[in-house]
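When the letters of the sequence shown are read in order and numbered with the working numbering, they come out as residues 167 to 262. Backbone N, C-alpha and C fix where the C-beta goes; we use that ideal spot for every residue, glycine too. All values derive from a computational prediction rather than experimental measurement. Please read the structure below before turning to the comments.
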Amino acid sequence: MDSQPNRRVLVCQYRTCTRDGAAKVLQVFQQQQITNVTVEACGCLGLCGSGPIVVVLPDNTYYWHINPQKSKAIIAIHLLGNKEIPAMMHPRLHPN
167 MDSQPNRRVL VCQYRTCTRD GAAKVLQVFQ QQQITNVTVE ACGCLGLCGS
217 GPIVVVLPDN TYYWHINPQK SKAIIAIHLL GNKEIPAMMH PRLHPN
């Protein structure tokens, strides 16, 4: 049995996130070939001003103000290491 859960990574590509560098964030995720992980560009996630936003499903983890370096941390720690990164999670959606 595979120890890695099936996950989807959504990277907002709407106006504000795109202006703040979301295309580069998406590119970092797309360059990785991670088993059981699909990466998708998506429209507005309703968190304008907090972006670029990255969502990891089915974990429902919302990461905010993501840049290429933080994307690499999400890949290494969350997607490969199965541990969320509380310091990068959106505080309105993850208050603790």
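Going by C-alpha positions, LYS249 is about 9 Å away from ALA242. Beta-bridge partners assigned by DSSP to MET255: TYR229. The alpha carbon of ASN172 has as its nearest neighbour, out of ASP225, GLN193, TYR229, SER216, the alpha carbon of ASP225. Within the same chain, and ignoring the five residues on either side of LEU176 in sequence, the residues whose Cβ sits closer than 6 Å to its Cβ are GLU206, CYS208, VAL221. DSSP places CYS183 within a helical segment (H, G or I) once states are collapsed to three.
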